[in-house]
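One structure below.
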Amino acid sequence: MQQWKSGNSRIIQSTVVVLLLLLLLLRNTPAQAQVVFSANAESWYQRYSHYPPQCSTTEQMKNRTIPPLTTAAHGESRLQHVTVIMRHGARTPVHNASCWEGYGAEPWTCPPSTYLAADRATDGELLTFEQVYDALQFPQYNLSNFLPGTCQIGQLLEQGMQQQLTNGLHLRRAYLEESSPKNLHLPLGGSLDKAVYFRSDDEQRTLQSGQLLLQAMLGNELEKTGGLIIHTADYTRDIVGDHDALCPRLAEFRERFYRTREFRIFNESDDANELRQFQQEVLGSTGDISDCLLTTICSDRELHPKINDYEGDENSENSMFSRLLRFYVQQKSMLATFDFAEYSKLVSGPLRAEIMENIQTFVESGGETYVPPFALFSGHDTTIMAILASMDMFDEQWPTYASMLVIEIHEINLDGRKDPALYTSDFGFRMVYDGKVITDQMKGCPSGQEICDTTKLLEAMYYDVKTRNCERLYAIPVEFTPAVTQATAILVSSRSAFGGFLLLVSFGMALGGLLTYLYFAHWVPLSLQRKVGAPGRAEMDGIMVEEPVCYGGDADEGQRRNGHIALPTDDSENFTIDDEDVDFVTPNTQLT
């Protein structure tokens, strides 16, 4: 865990520009709390006439307030706990790929992003050292940072900072202010370090996003407390994101998905081939460029002229920007829901267990066991997407910057007037996603009711970590690399290149067959005859040869490759992989 506390000798991560915003914010009394906009805010979101919802513009963020609780079939209620699962705010790209000519040439400008603070030996005041990514500026000698300018890969931008301040104010107005609705008021009680649980992975953009949200939400109360603890873990070992190295079975799920009939139909369609050809010939790139599209348009940077045609989602059919973005996002959405969302369930399982630990303890004790009234989990787009998909609630729309999934736990039936047909316990939950109530989208929850019995939440979110199996269940008989198969897809989409490829393969097969025949028909018998005096080929029948590896066949008969059964496809229970099995697969690129 990390200690986030003023005057402490540990390293503190924060943002200097944000401190100025927060000083203005904290001057307000709780009842007067307002969103304080950056001095640069008026210059944001000006280049384009429309912005995708993933950008979370200032206007889009204003519409994500927590709605009042209106339905009453659960009887009189009292809010007891709130858990927020959020995505970090707007950021720089997470890679330095060249997505089109001129992309990445414009420098990224970030405020001094991180400072180191320690106690002074004399009076306890802070000595601060601003950290700026402006060193290593020799690109002509291949000595430079990943991004030109003063930003690091995946760094939270000033727009992203403002988004989280807005989120914090939304939560404050809904749950903490005296003017909050009675049935949504959340008393935090005494010390904030006990009342608030803050969990994040160890990334600058997630840590800082959570700090900003809590600063805006808690205001002066946080200043009085002196700080909070950030609960985190080694980034490469954490379960807030999806790390294949920790769970090889995740890669196996992707490999199975790429071989399904559903994905093949999608990826071999005329539309897919047209988009790949356009991207290669016009933009000069291959692979997933969704991150390039969003980080460019959302930060008012210049799009390639041929894709500068976004006019809103309602006019997306003829927009090349929209078509490319949808093409790559749809692949990720299909993977998230593939095979009853097994990939998402495996990815999100341990985090769901963390999230539900306090909720389950509180509910099962009848509210007698104390748990922090407020919990914040700061993660990524894949974090929210996997949780929603695992509950069969994912609408296939990629989570936006600063998305918030809110789970409220209510004690219900305080007046004895609940509907017993709908509520079997005395606790209910409400789920709000980016300002919209989605509770009744959960399986088993009553339609039109904002509150659902917590038994449904426990069923949907439950995960037993000790049962998690991350070992591969199937063997992959050939090395499966989506990057290679993407190149194959591009190859076969070109007639001339494909024809040359077939000629090369045919020549190789003929040559290989000739050499194989000569080897077994002449050189091997001759070699054996010389060694043991065997009369020609007759002795070949007595030579013990290791049984060849079986990549297909009936797995139930015990045929294995390295202890694993063969990987199934839609077409048969088991299969034999040939060159065609790896065609048309696009690279997997994680959005974070």
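In case it helps, mature numbering (1 follows the signal peptide of the UniProt record, and there is no 0) puts the sequence shown at residues -33 to -1, 1 to 559.
Virtual Cβ for every residue (Gly too), placed ideally from N, Cα, C.
Excluding residues up to 5 positions away in sequence, Arg58, Thr59, Cys77, Ser80, Gln171 and Arg172 lie with their Cβ nearer than 7 Å to the Cβ of Gln122 in the same chain.
When secondary structure is reduced to three states using DSSP, Arg58 falls in the strand class. Apart from sequence neighbours up to five positions away, the residues of its chain that approach Val373 with a beta-carbon distance below 6 Å are Val51 and Val399, ordered along the chain.
Exclusion of the five residues before and after Trp75 leaves Thr59, Leu114, Gly116 and Cys118 as the residues of its chain whose Cβ lies within less than 6 Å of its Cβ. For Arg293, the enclosing alpha helix (DSSP H) stretches over residues Met287 to Glu331. Approximately 4 Å separates the beta-carbon atoms of Val207 and Asp168; this is inside 8 Å, confirming the contact.
Counting every other CB atom within 10 Å of its CB across the protein chains shown gives Tyr277 a total of 16 or more, marking it as buried. Here Tyr430 has Gly316, Arg319 and Ala320 as same chain residues with Cβ atoms under 6 Å from its own Cβ, once five neighbours each way along the sequence are excluded. Assignment of His377 by DSSP, reduced to helix, strand and coil, places it in the strand class. Looking at the DSSP output, Lys273 bridges to nothing.
Secondary structure of Gly395 (DSSP, three-state): strand. Comparing alpha carbon positions, the residue from Lys312, Gly193 and Glu229 closest to Thr434 is Lys312. Taking the Cα of Ala162 as reference, the smallest distance to any Cα among Pro340, Leu425, Gly383 and Ala427 is reached at Pro340. The beta carbon of Asp393 lies closer than 7 Å to those of Glu378, Ile379 and Asn380 in the same chain, with the five residues before and after it left out. Taking Cys437 as the centre and dropping the five residues before and after it, the same chain places the C-beta of Leu213, Cys214, Pro215, Arg216, Leu217 and Leu313 closer than 8 Å to its C-beta, in chain order.
For Leu302, same chain residues with a beta-carbon under 7 Å away, outside a window of 5 residues either side, are Arg221, Phe224 and Tyr310 in chain order. Under the criterion of beta carbons closer than 8 Å, His48 and Ile354 do not qualify as touching, at roughly 17 Å.
DSSP lists Phe396 as the bridge partner or partners of Cys419. Bounds of the alpha helix (DSSP H) holding Tyr142 are Glu125 to Tyr142.
Under the three-pair Cβ rule at 8 Å, the stretch 173 to 193 counts as touching the stretch 132 to 140.
For the set Arg139, Ala39, Tyr390 and Ser473, the Cα lying nearest the Cα of Glu188 is the one of Arg139. Nearest to Thr32 by alpha-carbon distance, out of Glu248, Gln298, Asn325 and Ser147, is Ser147. In the same chain as Pro20, and ignoring 5 residues on each side of it, the C-beta atoms closer than 8 Å to its own belong to Gln27, Asp280, Gln364 and Thr367, in chain order. Ranked by Cα distance from Thr38, the options Leu261, Gly69, Glu284 and Leu389 are led by Leu389. About 20 Å separates the CB atoms of Lys403 and Gly411; that is not less than 8 Å, and the two are not in contact.
Looking from the CA of Glu229, the closest CA among Ser300, Ser286 and Tyr70 belongs to Ser300.
When the alpha-carbon of Met358 is set against those of Asp407, Gln327, Glu324 and Tyr18, the nearest one is in Asp407.
Counting along the chain, Phe233 sits inside the alpha helix (DSSP H) bounded by residues Arg228 to Asn234. A check of alpha carbon separations from Leu159 across His210, Phe233 and Thr192 identifies Thr192 as the nearest.
Around the beta carbon of Ala72, fewer than 16 other beta carbons lie within 10 angstroms, which makes this residue exposed. The beta-carbon separation of Ser44 and Asn150, rounded to 5 Å, stays under the 8 Å limit for a contact.
Relative to Ala141, the option among Tyr337, Leu46 and Pro272 whose CA is nearest is Leu46. Exposure of Pro154 is indicated by the presence of fewer than 16 other C-beta atoms within 10 angstroms of its C-beta. With contacts defined as CB atoms closer than 7 Å, Asn112 and Leu124 fail to qualify as a contacting pair. Cβ contact annotation for Arg384 (same chain, cutoff 6 Å, sequence separation greater than five): Gly42, in chain order.
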